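Peer 1:
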Amino acid sequence: MSELNSSFSIKKWSENDRPREKLIAKGKNSLSDSELMAILIGSGNREESAVALSKRILASVDHKINTLGTLSIKQLTKFKGIGEAKAITIIAGLELGRRRKKEEVEIKPKITSSKDAFALLQPIIGDLDHEEFWVLFLNNANKVLYKRQISIGGKTGTLVDARIVFRAALESGATAIILAHNHPSGKLSPSQSDKDLTKKLKTGGASLDINVLDHLIITEKTYFSFADEAMI
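According to the numbering used here, the sequence shown is numbered sequentially starting from 51.
This is the structure in structure tokens:
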């Protein structure tokens, strides 16, 4: 029986049939629902592979992922080969998918001017007693995909690694970014290092087809925009 059981392990399949290898070679979109689910459960039972078992579970809910997400641990463990641990893995995986979908439908703020960017970032860094550097990552409609703190400094400056900025942009699929940092002193005029950094990131972004739209210097009540001053 142990030999029969091992023959249904994913590791024993040909490489073209292994969901994990298929995902690596062809991407996640190439996998069927049952193949994705097979990766979650890892193995089937003595009579069927992980993919075959996944197909049977999906068939029980008319291949509707939303319905599958409503099944309890008790309902899932009725399928031979699905123990409590695998049931929990399935439920957790589907819950992550549900939360991701919820995030995607949330309204993403659109940046149409420097004022919009200031309104988004001022509550975060406007009244700090130290400098922080943040980046807004935008899609091609100038909607904010997400915002990220890149560095934290002292009262008079903070170091910024361009590699971190552009790695985050590429990972998020951003086509444009807006740079921002605060001046705890309340002074709005950019320093020479602010100008040099802006030029460096603008040049680096151009080589990656990532447009650096603006660089804001933010204080408690107002801001300076490189774009508004035609300095970018």
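No residue lacks a Cβ here, since even glycine has one placed at the ideal position from N, Cα and C.
Note that the structure is a prediction, hence the values are computed from the model and not measured.
From the DSSP output, read off the bridge partner residues of residue 185.
Peer 2: Bridge partners of residue 185: 198, 229.
Peer 1: At 4 residues or longer, and completely inside the segment 79-134: list those alpha helix (DSSP H) runs for me, N to C.
Peer 2: Segments of the alpha helix (DSSP H) lying fully in the segment 79-134: 83-91, 100-110, 115-118, 123-126.
Peer 1: Nearest-angstrom Cα distance between residue 144 and residue 99?
Peer 2: The straight-line gap from Cα to Cα measures roughly 21 Å.
Peer 1: Determine the contact status of residue 226 and residue 260, defining contact as a CB-CB distance below 8 Å.
Peer 2: The answer is yes: Cβ separation under 8 Å.
Peer 1: Say whether the segment 69-78 touches the segment 119-139, bearing in mind that this needs 3 or more beta-carbon pairs closer than 8 Å, one atom from each stretch.
Peer 2: Cβ pair count under 8 Å is below three, so no.
Peer 1: Output the distance between the C-alpha atoms of residue 252 and residue 197, rounded to the nearest integer angstrom.
Peer 2: When rounded, the distance between both Cα atoms is 18 Å.
Peer 1: Run through DSSP, which three-state label would residue 216 get?
Peer 2: Helix.
Peer 1: Within a Cβ cutoff of 8 Å, which residues of the same chain sit near residue 203, ignoring the five residues on either side of it in sequence?
Peer 2: Cβ neighbours of residue 203 beyond the five flanking positions: 180, 181, 182, 183, 209.
Peer 1: Below 8 Å on the Cβ atoms is my contact criterion, and I expect residue 168 with residue 268 to pass it. Report the Cβ-Cβ distance as a whole number of Å.
Peer 2: Right, the Cβ-Cβ distance comes to about 6 Å (below 8 Å), so this counts as a contact.
Peer 1: Residues in its own chain within less than 7 Å of residue 219 by CB, not counting five upstream and five downstream?
Peer 2: 187, 227, 260.
Peer 1: Just checking my contact of residue 236 with residue 270 at CB under 8 Å: how many whole Å lie between their CB atoms?
Peer 2: Contact flag correct, Cβ pair sits at about 7 Å.
Peer 1: To the nearest angstrom, how far is it from the Cα of residue 15 to the Cα of residue 241?
Peer 2: Since the displayed the chain opens at 51 and closes at 282, residue 15 lies outside it and no answer follows.
Peer 1: For residue 161, count neighbouring C-beta atoms within 10 Å of its own C-beta (all shown protein chains included) and say buried if the count is 16 or more, exposed if not.
Peer 2: When all chains shown are included, residue 161 counts as buried.
Peer 1: Suppose the cutoff is 6 Å on Cβ atoms and the five residues either side in sequence are ignored; what does the same chain contact list for residue 95 look like?
Peer 2: Result list for residue 95: 130, 131, in chain order.
Peer 1: Here's a check: name, in chain order, each residue in its chain whose Cβ is nearer than 8 Å to the Cβ of residue 284, leaving out the five neighbours to either side.
Peer 2: Here the chain covers residues 51 to 282 and nothing more, so residue 284 does not appear.
Peer 1: What did DSSP end up calling residue 260 once you bin it into helix, strand or coil?
Peer 2: Three-state DSSP puts residue 260 in coil, outside helix and strand.
Peer 1: May I ask you to list the residues that DSSP assigns as paired with residue 275?
Peer 2: DSSP lists 266 as partners of residue 275.
Peer 1: Just to confirm my understanding: we take residue 262, look at its own chain, exclude 5 residues before and 5 after, and list those with CB closer than 7 Å. What are they?
Peer 2: Cβ neighbours of residue 262 beyond the five flanking positions: 227, 229, 251, 252, 255, 282.
Peer 1: Of the residues 178, 159, 68, which one's Cα is nearest the Cα of residue 190?
Peer 2: Among 178, 159, 68, the Cα nearest to that of residue 190 is on 159.
Peer 1: Who are residue 160's beta bridge partners in DSSP?
Peer 2: According to DSSP, residue 160 bridges with 193.
Peer 1: Around the Cβ of residue 116, are there at least 16 other Cβ atoms within 10 angstroms (buried) or fewer (exposed)?
Peer 2: Residue 116 is exposed by the Cβ-count criterion.
Peer 1: With 16 as the cutoff for other CB atoms within 10 Å, does residue 109 come out buried or exposed?
Peer 2: Burial call: exposed.
Peer 1: So which of 231, 176, 147 has the shortest CA-CA distance to residue 86?
Peer 2: Taking only the C-alpha atoms, the option nearest residue 86 is 147.
Peer 1: Looking only at its own chain, which residues have a Cβ that is under 6 Å from the Cβ of residue 274, when we skip the five neighbours before and after it?
Peer 2: Closer than 6 Å at Cβ, skipping near neighbours: 238, 267.
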